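Worksheet for the structure shown next.
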Amino acid sequence: MQTVKMVVTGPFNSGKTAFIQSVSEIDVVSTERKISTEAERIKETTTVAMDFGRITVDDDLVLYLFGTPGQKRFDFMWEILAEGMLGFVVMVDSARPETFREARGILQTFRAYAPTPYVVAANKQDLDDAWEVEDLRIALGLDSKIKMLPCVANDRDQVKSVLLELLFSILEESKE
Amino acid sequence: MALKGNLRDFNVTQLLNLINIAQKTGTLTVEGPDAISWVSFRAGKLIYAQMGNEDGSLTGILTRAGKITSKQADVIKKNATEKSDQGLGLLLINAGYLSQQVILDSIQQYVLDIVYQLFTWIDGLFRFDNGVLPPSDAITVRMDLENIIMEGSRQTQEWELLKDEIPSLDMALTFVDRPGADIRDVQLTVEEWKVVSYINPKNTLKQIGKTNRMNDLEIRRIVYGLVQAGLVEIIRPEGMPLPPKAKKLPPVDKKEQASLVNKLIHRIRSL
């Protein structure tokens, strides 16, 4: 049995867990805990170690999706999760500009861990306050060559599109 | 779709950079500590600005610029109550009181003063409304944002912001290849020219700073301005070793990997 993994990363509350839940064939193995810090109490729980989803391809191949913890104090997990990944998705909450700088920092950190292909998912595009994808691209300082995709993490079709774009990038790279 | 937030998270320099690069048309509303300001743009050019607590009418602007006295302003206001700013401007030009150039220069300076004031606001809600423009009878100007961004960046003293934006001085600079982004059109200070003259993929920011006897804050501030004005971009310097690659899971064989990825694509499509 061969296993491959892709990592879903991004700031706190950017939608990583929902993204994995949308396509995983198993209930996501989550390490969520109640949030203790008042400042981060945007939601009730957060991922502290990793989220873990699975997509079985055939009898010999399984894809694992790992979601990283979003809070900075758990970033020691990132490098462990990044090791051996096929590629990664950076989730950005399009409606929270206060997280854009952090998202850029996370992206750079992951690129340093492994220069594997990646895509950026502009999540929560269904919210009224969401920034347009191209505005987000400029705000994050991303080159036009980098794939930046609109996304709503609990919409399975949109999550599939993001994953497919990442796979196309990986395929392209394997042809080079 | 909105473009809104707080200046704490996305400052005026970054907003102008976005408007410039995306060539946006619309009006930016900023609610500052004591006032509200409206700044309008057409295709990424600054055209108009108003500050809520100021008289932004043409008579107000001309009085402020010392082109007419308060007494003259009162007379104009009494006699030309029905006139728009454009109508009033024409009246003043045709009557030979002021030239068109003087009127436009005064408005341009007024608009610039408002935008420079915005650079000092570090907290406040902002919102950009696409397509919203000043009233059609208002007098607008047309100014490139690059110079304004550079001027605003010169005032940036926030070390933390600069460190976040330019975390490493081991990087190099290159000129951007973007239509309209010509560094020769921008008014640079001597210090900025010193940095620009050393832009080369082989020179790190550290080396440029050292050669020009600039400290880390100075070099970062100048580079931040050039980057935000969309004139240069930060790149990995030539010859810099790449970070060590993380271990890849097998297969590493390209053909095998392509076959594996194709299987994954097929499976995800079928979900």
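Protein sequences, first through last, are from chains R and S. Just so you know, the working numbering puts 124 at position 124 of the first sequence, and the rest follows in order with no gaps. Adding 1000 to a residue's 1-based position in the second sequence gives its number in the working numbering. Just so it is clear, CB atoms sit at the ideal spot from N, CA and C, and this is done for glycine as well. A quick note: this is a predicted structure, and the numbers were derived from the prediction, not measured.
From the DSSP output, read off the bridge partner residues of residue i.
i: residue 1268 (chain S); result: BP columns for residue 1268 (chain S) are empty, so no partner.
i: residue 1038 (chain S); result: S:1029, S:1050
i: residue 1045 (chain S); result: S:1042
i: residue 1172 (chain S); result: S:1204, S:1235
i: residue 1001 (chain S); result: Bridge partners of residue 1001 (chain S): none, in fact.
i: residue 5 (chain R); result: R:64
i: residue 123 (chain R); result: R:93
i: residue 54 (chain R); result: R:64
i: residue 118 (chain R); result: R:88
i: residue 1143 (chain S); result: S:1046
Have a look at residue i and residue j and give me their C-alpha separation to the nearest angstrom.
i: residue 175 (chain R); j: residue 1254 (chain S); result: 7 angstroms
i: residue 1021 (chain S); j: residue 1178 (chain S); result: 9 angstroms
i: residue 1069 (chain S); j: residue 1076 (chain S); result: 11 angstroms
i: residue 1028 (chain S); j: residue 135 (chain R); result: 14 angstroms
i: residue 1010 (chain S); j: residue 52 (chain R); result: 33 angstroms
i: residue 1209 (chain S); j: residue 1215 (chain S); result: 7 angstroms
i: residue 1094 (chain S); j: residue 1113 (chain S); result: 28 angstroms
i: residue 54 (chain R); j: residue 1233 (chain S); result: 39 angstroms
i: residue 6 (chain R); j: residue 141 (chain R); result: 24 angstroms
i: residue 128 (chain R); j: residue 1231 (chain S); result: 33 angstroms
i: residue 1150 (chain S); j: residue 1229 (chain S); result: 6 angstroms
i: residue 147 (chain R); j: residue 1056 (chain S); result: 44 angstroms
i: residue 1136 (chain S); j: residue 95 (chain R); result: 32 angstroms
i: residue 21 (chain R); j: residue 1174 (chain S); result: 42 angstroms
i: residue 8 (chain R); j: residue 1125 (chain S); result: 31 angstroms
i: residue 92 (chain R); j: residue 1259 (chain S); result: 30 angstroms
i: residue 1207 (chain S); j: residue 1240 (chain S); result: 14 angstroms
i: residue 1047 (chain S); j: residue 1101 (chain S); result: 16 angstroms
i: residue 1266 (chain S); j: residue 111 (chain R); result: 27 angstroms
i: residue 1196 (chain S); j: residue 1023 (chain S); result: 25 angstroms
i: residue 1019 (chain S); j: residue 1148 (chain S); result: 12 angstroms
i: residue 1202 (chain S); j: residue 1190 (chain S); result: 22 angstroms
i: residue 1084 (chain S); j: residue 106 (chain R); result: 52 angstroms
i: residue 24 (chain R); j: residue 124 (chain R); result: 19 angstroms
i: residue 1003 (chain S); j: residue 66 (chain R); result: 31 angstroms
i: residue 172 (chain R); j: residue 82 (chain R); result: 20 angstroms
Looking at residue j and residue i, is the spacing between their C-beta atoms short of 9 angstroms?
i: residue 118 (chain R); j: residue 163 (chain R); result: no
i: residue 1073 (chain S); j: residue 1051 (chain S); result: no
i: residue 56 (chain R); j: residue 85 (chain R); result: no
i: residue 130 (chain R); j: residue 1001 (chain S); result: yes
i: residue 1235 (chain S); j: residue 1171 (chain S); result: yes
i: residue 1204 (chain S); j: residue 1167 (chain S); result: no
i: residue 1161 (chain S); j: residue 1219 (chain S); result: no
i: residue 1043 (chain S); j: residue 1025 (chain S); result: yes
i: residue 114 (chain R); j: residue 88 (chain R); result: yes
i: residue 1017 (chain S); j: residue 80 (chain R); result: no
i: residue 161 (chain R); j: residue 151 (chain R); result: yes
i: residue 1088 (chain S); j: residue 1059 (chain S); result: yes
i: residue 4 (chain R); j: residue 64 (chain R); result: yes
i: residue 61 (chain R); j: residue 1264 (chain S); result: yes
Mapping DSSP to helix, strand and coil, what is residue i?
i: residue 1232 (chain S); result: strand
i: residue 1007 (chain S); result: coil
i: residue 150 (chain R); result: strand
i: residue 85 (chain R); result: coil
i: residue 1297 (chain S); result: Lying outside 1001 to 1271, the shown extent of chain S, residue 1297 (chain S) is not represented and no answer is given.
i: residue 1128 (chain S); result: strand
i: residue 1152 (chain S); result: helix
i: residue 1198 (chain S); result: coil
i: residue 1223 (chain S); result: helix
i: residue 1074 (chain S); result: helix
i: residue 1097 (chain S); result: coil
i: residue 991 (chain S); result: Nothing about residue 991 (chain S) can be read from this structure; chain S reaches only from 1001 to 1271.
i: residue 167 (chain R); result: helix
i: residue 77 (chain R); result: helix
i: residue 1279 (chain S); result: As shown, chain S starts at 1001 and ends at 1271. That puts residue 1279 (chain S) outside it, with no answer to give.
i: residue 1068 (chain S); result: coil
i: residue 130 (chain R); result: coil
i: residue 159 (chain R); result: helix
i: residue 1246 (chain S); result: With a pLDDT of 46 at residue 1246 (chain S), under the threshold of 50, the modelled position of this residue cannot be trusted, and the question is left open.
i: residue 1061 (chain S); result: helix
i: residue 1024 (chain S); result: coil
i: residue 109 (chain R); result: helix
i: residue 1133 (chain S); result: coil
i: residue 1119 (chain S); result: helix
Who are the neighbours of residue i on chain A, taking C-beta pairs under 8 angstroms?
i: residue 132 (chain R); result: Absence of chain A from the displayed structure is noted, the protein chains being R and S.
Check your understanding: Are the segment 6-25 of chain R and the segment 83-103 of chain R touching by the rule of at least three beta carbon pairs closer than 8 angstroms?
Key -> yes
Check your understanding: Quick one: any contact between the segment 1116-1134 of chain S and the segment 1179-1195 of chain S, if contact means 3 or more CB pairs under 8 angstroms?
Key -> no
**Study point:** the segment 1105-1121 of chain S contacting the segment 1137-1146 of chain S, beta-carbon criterion three pairs below 8 angstroms
**Key:** yes
Check your understanding: Between the segment 1146-1155 of chain S and the segment 1221-1239 of chain S, do three or more beta carbon pairs fall short of 8 angstroms?
Key -> yes
Review point. Does the segment 1035-1044 of chain S come close enough to the segment 1113-1123 of chain S to have 3 or more Cβ pairs within less than 8 angstroms?
Key: yes
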